[in-house]
Structures are given as structure tokens and as C-alpha cells.
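In the working numbering, the protein residues as written are 51 to 209.
For reference, the structure is listed below as C-alpha cells.
Below, the structure written as C-alpha cells:
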């Protein structure tokens, strides 16, 4: 499943990448966004009602997201397309959408000493070269994942 996110949902795009889904972020006017969605064959994700209507008229696959909260948006996307959370095994780089390769932390530059000493997991982006590791932000990510799961349960009860 491949997505194209418009500029209104950049945060959602980054989270889809964290969850393991190939998600490009595209800025530009509506016509440029539609052309890119058509050219790339990606599903357009947008909060722009007019853009969604234009995608519908052009026969471009899209999902109009009208929720206020990130967790709700992600739960709806995951429910609609029957997606599973791929964190951290399939996580993509939240910055460039590149694939992450597991690495020995000691072999990477800029990794905190305690991360290396505790033999935590580390990854390197094959696209931009950025390094990632299990750190303090891990708890925050897990909290968001729990909220997404809660929203998915709420959605399933509405069906």
C-alpha cells in the first residue's frame, strides 16, 4: 500500500512511515498534487475537501480525512485499508521515507554511549543516512500506538 499525503497532513504522513507504510509527502497546488497521485499510482490522503472532490472526479483513489486528531486519522486509514502496525520492524524513515536497516549501534556515528552500552536496537536510513535508536521517545511512540489501537476498537464497534 503506497500513499501520497498533501501538505495538510504532513504529521500523518510521518506516522504512516513510522508504522511501515510507503508514504510520500507532496507540496504544490491541487493540480500538481493530483497529477503526482495519478503518475505515482499512490492513494491520495487529504483533509482538503475540494481536493478530494477533484480526485473523485478524476478517478484518482483518495481518502478524505476530516478528523481532528492524529490517532483518529491513522486508525481510519488502517481500518479502511486493513493495515497492520509495522513498528518497529518495518518502520520507514519519517524524514525521507527511505527504508531502515538494522545496524550494530557501535558501528554508527552519533549514537549516545548509553545506547551502545545497553545494546539497544539501532537503524540507519538507506535514503538520507540518518541514524535512529531506541531512546526516550520510544515511550511516546508506544502511547500513540495505544491510542491508535483504541480508536480502531471504537471504529470496529461502529460497523
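Using N, Cα and C, we set each Cβ at its ideal position, and we do this for glycine too.
Just so you know, these numbers come straight off a predicted model, no measurement behind them.
- Take the alpha-carbon of residue 126 and the one of residue 71: they are about 14 angstroms apart.
- DSSP places residue 55 in no alpha helix (DSSP H) but in the uninterrupted beta strand (DSSP E) bounded by 52-55.
- Exclusion of the five residues before and after residue 187 leaves no residue of its chain whose Cβ lies closer than 6 angstroms to its Cβ.
- With a contact defined as Cβ atoms closer than 8 angstroms, residue 87 and residue 54 qualify at about 5 angstroms.
- Within the same chain, 120 come within 7 angstroms of residue 61 by CB-CB distance, once the 5 residues on both sides are set aside.
- Residue 128 counts as buried, since at least 16 other C-beta atoms from the protein chains shown sit within 10 angstroms of its C-beta.
- In this structure, residue 158 places its C-beta atom within 8 angstroms of the C-beta atom of residue 172.
- Collapsing the DSSP output to three states places residue 95 in a strand.
- Judged by DSSP in its simplified three-state form, residue 180 adopts coil rather than helix or strand.
- By the C-beta density criterion, residue 141 is buried, having at least 16 other C-beta atoms within 10 angstroms.
- Straight across, the Cα-Cα distance linking residue 138 with residue 183 is about 10 angstroms.
- Under DSSP, residue 115 forms no beta bridge with any residue.
- Spanning the alpha carbons of residue 131 and residue 193 requires a straight line of approximately 22 angstroms.
- Spatial neighbours of residue 57 in its own chain (CB-CB distance under 6 angstroms, excluding positions within 5 residues in sequence) are listed in chain order as 77.
- The DSSP-derived three-state label of residue 73 is strand.
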